[in-house]
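Novice:
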Amino acid sequence: MQRIGVFVCHCGSNIAATVDVKRVVECARLEPGVVFAEDYQYMCSEAGQTKIADAIKREGLTGVVVCSCSPRMHEATFRKCAEGAGLNPYMLEIANIREQCSWIHKDMETATEKAVVLMRAAVAKVNLNVPLKSGESRVTKRALVIGGGIAGIQTALDIAEAGYEVDIVEKTPSIGGRMAQLDKTFPTLDCSACILTPKMVEAAAHEKIRIFTYSEVEKVTGFVGDFTVDIRKKARSVDIDKCTGCGVCQEKCPSKTAKSEFNRGLSKRSAIYTPFAQAVPNVPVIDREHCIKFKTGKCGVCSKVCPAGAIDYEMRDEIITEKYGAIVAATGFDMISLDKYDEYAYKKSPDVITSLELERIMNAAGPTGGHLERLSDGKPPKNIVFIQCVGSRCADKRGKSYCSKICCMYTAKHAMLIRDKYPDTNVTVFYIDVRTPGKNFDEFYRRAVEEYHVNYIKGQVGKVLPQPDGTLLVQGADIIDGRQVLINADMVVLAAAIEPDPTARKLATMLTASIDTNGFLTEAHPKLRPVESPTAGIFLSGVCQGPKDIPETVSQAGAAAVKVIGLLSKDKLLTNPCTAKADELMCNGCSACANVCPYGAISYEDREVRGIGVREVRRVAVVNGALCQGCGACTVACPSGAMDLFGFSNRQITAEVDAICR
Amino acid sequence: MTKAEKQAELIRDISGVDPYKCMKCGKCTATCPSYAEMDIKPHQFVSFVIRGEIEALTKSRSLEKCLSCFACIERCPRSVEPGRLIDAARQLAARERGGGFLTTEEVPEMCDPDTPSQLLVSAYRRYRR
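Chains as they are written, first to last, in the numbering used here: chain A, 1 to 662; chain B, 663 to 791.
1. Check the DSSP bridge columns for residue 137(A) and list the partner residues they point to.
2. Residues of chain B with CB under 8 Å from residue 484(A), in chain order?
3. According to the neighbour-count rule (16 or more other Cβ atoms, all chains shown, within 10 Å of its Cβ), is residue 114(A) buried or exposed?
4. I'd like to know if residue 499(A) contacts chain B, where contact means its C-beta is closer than 8 Å to some C-beta of that chain.
5. Can you tell me the Cα-Cα spacing of residue 247(A) and residue 517(A), whole angstroms?
6. Would the beta-carbon of residue 237(A) fall within 8 Å of that of residue 313(A)?
7. Along the chain, where does the beta strand (DSSP E) that runs through residue 328(A) open and close?
8. Give me the residue from 506(A), 267(A), 443(A), 382(A) with the minimum Cα distance to residue 257(A).
9. Residue 81(A) and residue 53(A) - do their beta-carbons sit closer together than 8 Å?
10. Looking at the C-beta of residue 460(A), does it have a partner C-beta in chain B at a distance below 8 Å?
11. Going straight from the alpha carbon of residue 429(A) to that of residue 752(B), what length do you get?
12. Under three-state DSSP, which class holds residue 74(A)?
13. Between the region 697–731 of chain B and chain A, which residues of the former have a C-beta closer than 8 Å to a C-beta of the latter?
14. Short of 9 Å Cβ to Cβ, which residues in the region 731–754 of chain B face chain A?
15. Can you tell me where the alpha helix (DSSP H) with residue 450(A) in it begins and where it stops?
16. Which residues in chain B have a C-beta closer than 8 Å to the C-beta of residue 396(A)? List them in chain order.
17. Is any beta-carbon of chain A found at less than 8 Å from that of residue 688(B)?
18. Where residue 295(A) and residue 302(A) are concerned, what is the direct C-alpha to C-alpha distance, given to the nearest angstrom?
19. If the cut is a Cβ gap below 7 Å, which residues of chain B does residue 432(A) touch?
20. Which of the three DSSP states, helix, strand or coil, is assigned to residue 359(A)?
21. Enumerate in chain order the residues of its own chain whose CB-to-CB distance from residue 702(B) is below 6 Å, with the five nearest sequence positions on each side excluded.
22. Is residue 458(A) a contact residue of the ligand NAP, with contact defined as CB to any heavy atom under 7 Å?
23. To the nearest angstrom, how far is the alpha carbon of residue 694(B) from that of residue 390(A)?
24. With a cut-off of 8 Å on the beta carbons, I'd call residue 458(A) and residue 487(A) a contact; round off their distance for me.
25. Closest to residue 715(B) by CA distance: which of 773(B), 667(B), 775(B) is it?
26. In chain B, which residues lie less than 9 Å from residue 506(A) when you measure between Cβ atoms?
27. Span of the beta strand (DSSP E) holding residue 466(A)?
28. Figure out for me which residue from 16(A), 132(A), 563(A) has the closest Cα to the Cα of residue 528(A).
29. Residue range of the alpha helix (DSSP H) that residue 419(A) falls in?
30. Classify residue 369(A) as buried or exposed, calling it buried when 16 or more other Cβ atoms lie within 10 Å of its own Cβ.
31. Roughly how many whole angstroms lie between the Cα atoms of residue 215(A) and residue 146(A)?
32. Can you confirm whether residue 479(A), when its beta carbon is compared against all beta carbons of chain B, has any partner nearer than 8 Å?
33. Classify residue 791(B): buried if its beta carbon has 16 or more other beta carbons within 10 angstroms, exposed otherwise.
34. Just checking: is the beta-carbon of residue 405(A) within a distance shorter than 8 Å of some beta-carbon in chain B?
35. Which runs of the beta strand (DSSP E) spanning at least 3 residues fall entirely within the region 454–531 of chain A, listed in chain order?
36. Compare the Cα-Cα distances from residue 396(A) to each of 748(B), 749(B), 736(B), 774(B) and report the closest residue.
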């Protein structure tokens, strides 16, 4: 028989205002196995924990039930406390009488009754608890960062600086990501390339960092501390070791019809190309879809002109397999497609552009050499209209429900830069709300209005009509002044919503990391664990987790790096002992458990099974304790009841249900 | 429940519109071809329903001026769709007048240059018995 202590927490008024804690204590004393029960205002405080530890020693407790908040909140806290007092931590259970009771009830009578029942169930469980011991697993001291934008670069640099090896996998031919496409950055207006390219070079030169560009993660197996990852290195057709980056091949390439991805399709590029001049590595790739050699077999100009003999048409995709202790997702974002927004005439007029396209137009290295001009006729625009929230904050099926967060600030930046460089240009911004929380952000926006006289109008644009004279008639609302506004604009810029890069979804499946309804990777806790995925060993950096600007991305990238370093600095990891195990005598090898296991932890072996009247070799399920996360799916799927979960055994759960129904 | 509150609820029922979803972006007003002739603008319809000022709505000139072109319904980013509120206000006004149904025979009589034909088509669809 166990000697159980029950500790009921008031949680200030969180629990005590709705649950009669004294009555829970009284009822607890009547439960079988309970030898001690008391309540306290804050059980998680030092004084509260001391009460538990003292009682364990004084009363010789063999099991503990803490009636408090969700186990997600403080199970680890209390188990550590129990361990400190000499009790096996898995002999302590939580009865959640806050989230699942006091917070959702208003009537004290009902809430108290429920709290008593929850306490009773936990006591019934502890009566059947057995001490469990964590196993150990090793840690591969190397991290993988997926995505080579500013988030991935920063995370990799921070990890490498701590002395650990890092690999960056980037799907495009160069690292740099979205930030490399930007012209200036808010709120300081420093040039994006000037602050990013040194970091790219630093990452490439760092002895602890390896960069796989033009590569994609193909397969991920394993678990925290011991991941095995297949990386597909797409055939570059250029030998990265021989190429000197002289650029002659790109100059001489006769196929110049492909749209430049880097310039958002606003300019053409050669079939052999580096996305931009400052690319890292400065080694081109051959786009086989546009290469004449690959299409017709005749050409080979690049190979002839290459002084280093680096061109290799025979090159094939190569798959390498590497081991990692931790994986960081830093897959970034893209802008949404504007196909469904006919009213803004984005498809109809080349002078209706997205903000990212404007970014390229204003960039000195962009398609217009940094001159602000209309793409239709090359003339400088005199009237520019910016439209905010295109596809953001939408409750309809066309857009996204969230605020894209960065648009208010970059639009203020664009407006200001245009007014500064071309003072005779009128700039109008249609906004729903101007959202500028952040250090020096609102001051920045106010500067656009007060110093640069950008015309901010609260209201949306209903439609943009291309006119025969080449202008764009913008019909909008000014809902503060109560009027409809008509503007003959030369250029319209749409602040399109941002969305997670499409690769994030596929990656999440490979990593068994969860994603939300918008496709953003989910953090383990929105406040307390913002850079960790709920899947152990997977970390999140940058916009793949949610919209954020560069300063926030860099902060988060550093935070993710610290979490990775913390993990890699350990030699061994304690594994969760609450894993599944099959009873060989009952298992009939039907594969039902393996089919539902999300972690691939179940395999089958032919084993000699010995029982009463049984002695035969049979195919039975075997659980890899290191892979098993203890989700319990197999225990439910098993038709013969052979699968059981340590810490949540079928007997324990039945006892809990019995206690509730008593 | 006051009469105004009952009417506001009725308008919400008829239209199926949740006015609280509106974020006051003004896209309906921006998009409306009859804007200039309306006394209560499309985006204001939502506020009138929230405040329960239904009588002002049912007496509004906007009911006649709305073309039922549904541009505001099509483009509303919050799926509030103020055009439906206008339509519901029309129905309410018609019910209050009593016998507010259009027959096929009546339609030609109502065709005059000042009444947009789209309005008649919409009204016929909605109010025929």
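Here a beta-carbon is modelled for each residue, glycine too, at the ideal position from N, C-alpha and C.
Specialist: Checking against the coordinates, here is how it stands:
1. 573(A)
2. 691, 692, 694, 697, 698
3. buried
4. Residue-level contact check: residue 499(A) does not touch chain B, since none of the beta carbons of chain B fall below 8 Å from its beta carbon.
5. 44 Å
6. yes
7. 326–329
8. The residue with the shortest Cα to Cα distance from residue 257(A) is 267(A).
9. Note that the C-beta distance between residue 53(A) and residue 81(A) is below 8 Å.
10. yes
11. 35 Å
12. helix
13. 697, 698, 703, 705
14. 733, 734, 736, 737, 738, 739, 740, 741, 742
15. 441–450
16. Those are 738, 739, 740, 741, listed as they occur along chain B.
17. yes
18. 15 Å
19. 685, 687
20. helix
21. 722, 724
22. In the structure shown, the ligand NAP is absent, as is every other ligand, since no ligand is present at all.
23. C-alpha separation (whole angstroms): 18 Å.
24. With a contact defined as Cβ atoms closer than 8 Å, residue 458(A) and residue 487(A) miss out at about 15 Å.
25. 667(B)
26. Those within 9 Å of residue 506(A) in chain B number zero; the least Cβ separation is about 29 Å.
27. 461–466
28. 563(A)
29. Counting along the chain, the alpha helix (DSSP H) containing residue 419(A) begins and ends at 407–421.
30. Burial call: exposed.
31. Those two C-alpha atoms are separated by around 10 Å.
32. yes
33. Since pLDDT at residue 791(B) reaches only 47, below the 50 mark, its modelled position is unreliable, and the value read off the structure follows with that caveat. It is exposed - the Cβ of residue 791(B) has fewer than 16 other Cβ atoms within 10 Å.
34. no
35. 455–458, 461–466, 472–478, 483–489, 491–496, 498–500
36. 736(B)
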